[in-house]
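Report on one structure; see the data block that follows.
Residue numbers (this note's numbering): 876 to 1059.
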């Protein structure tokens, strides 16, 4: 069969899903069904005030975003083995226990990795937003989160820089955890 004919045939022939993919697809479908209409529309309702992308909250990570809204960040911790679990998940990443407890974290850590954006990635980003950084912050608890370091020019964000959490209340429903430089 010529390659072009094979490619065309493959485009219309569905491939069977691997077991792990089908489980993920079912879990994603279950999460989506649990979301209320209000939650699904939250980001579109809020875009009139705040034009940047907002997180899509699902039942697993709702406690994380709720704790951010309360300015007291919490992360899942396994009650059986003590492992921190982030991003949130239904079972412990280390021991597979379902005994996950939302535990307050310090909000202090250091920049693990960082990049500076000089070009808008979405139409909602304007020249006034540039440049900005996207950083991975490793909290004292060992959890790594993706966020922004604010309070200093993006080119001054360095790997190893000590940071602490600040909260950006971007809408009535959403607060984004961000980080600012702190003294050693």
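Just so it is clear, CB atoms sit at the ideal spot from N, CA and C, and this is done for glycine as well.
Next on the checklist: Within a Cβ cutoff of 6 Å, which residues of the same chain sit near residue 927, ignoring the five residues on either side of it in sequence?
Outcome noted: Taking the chain shown and counting its residues from 1, the one referred to as residue 927 is at position 52. Closer than 6 Å at the Cβ level, and outside the excluded window around residue 927, lie 999.
Item to check | Candidates 1049, 980, 1027 and 1059: closest to residue 924 by CA position | outcome: For this step, residue 924 is matched to residue 49 along the chain shown. Of the listed residues, the one whose Cα sits closest to residue 924 is 1049.
Checklist entry - From residue 988 to residue 1035, what does the alpha carbon distance come to, in whole angstroms? => result As a position in the chain shown, residue 988 is number 113, starting the count at 1. As a position in the chain shown, residue 1035 is number 160, starting the count at 1. Their Cα atoms are separated by approximately 8 Å.
Checklist entry - When you compare only the Cα positions, how much space is there between residue 1041 and residue 972? => result Locating residue 1041 in the chain shown gives position 166, counting from the first residue. Locating residue 972 in the chain shown gives position 97, counting from the first residue. Straight-line Cα distance between these residues: approximately 32 Å.
Next on the checklist: My output table needs one value for residue 936: the three-state DSSP class, helix, strand or coil.
Outcome noted: Looking up residue 936 in the chain shown gives position 61. Coil at residue 936, not helix or strand.
Checklist entry - On the three-state DSSP scale, how would you describe residue 989? => result On the chain shown, residue 989 is found 114 positions in, with the first residue counted as 1. Here residue 989 sits in strand by DSSP.
Next on the checklist: Between the alpha carbons of residue 937 and residue 1032, how many angstroms are there, rounded?
Outcome noted: Your numbering for residue 937 matches position 62 in the chain shown. Your numbering for residue 1032 matches position 157 in the chain shown. Approximately 29 Å, taken between the alpha carbons.
Next on the checklist: Between the region 990-1008 and the region 938-947, can you find at least three pairs of beta-carbon atoms closer than 8 Å?
Outcome noted: no
Next on the checklist: Using only the alpha-carbon positions, how far apart do residue 913 and residue 939 sit?
Outcome noted: Reading the chain shown from its first residue, position 38 is the one you call residue 913. Reading the chain shown from its first residue, position 64 is the one you call residue 939. Interpretation of residue 913 is limited by its pLDDT of 40, a score under 50 that renders its predicted location unreliable; the figure taken from the coordinates is listed afterwards. Their backbone Cα atoms lie some 18 Å apart in a straight line.
Item to check | Straight-line Cα distance separating residue 1016 from residue 935 | outcome: Working through the chain shown from its first residue, we reach residue 935 at position 60. Working through the chain shown from its first residue, we reach residue 1016 at position 141. Going by the C-alpha atoms only, they are around 20 Å apart.
Checklist entry - For the 8 Å Cβ check, are there 3 or more pairs between the region 956-966 and the region 1007-1027? => result yes
Checklist entry - According to DSSP, is residue 1048 helix, strand or coil? => result As a first step, residue 1048 must be located in the chain shown, where it is residue number 173. Three-state DSSP puts residue 1048 in coil, outside helix and strand.
Checklist entry - residue 1059: buried (16+ other C-beta within 10 angstroms of its C-beta) or exposed? => result For the purposes of this step, residue 1059 is identified with residue 184 of the chain shown, where counting begins at 1. It is exposed - the Cβ of residue 1059 has fewer than 16 other Cβ atoms within 10 Å.
Next on the checklist: Given this structure, state the Cα-to-Cα distance separating residue 1010 from residue 955, to the nearest angstrom.
Outcome noted: Within the chain shown, residue 1010 is the residue found at index 135, counting from 1. Within the chain shown, residue 955 is the residue found at index 80, counting from 1. If I take the Cα positions, the gap works out to 31 Å.
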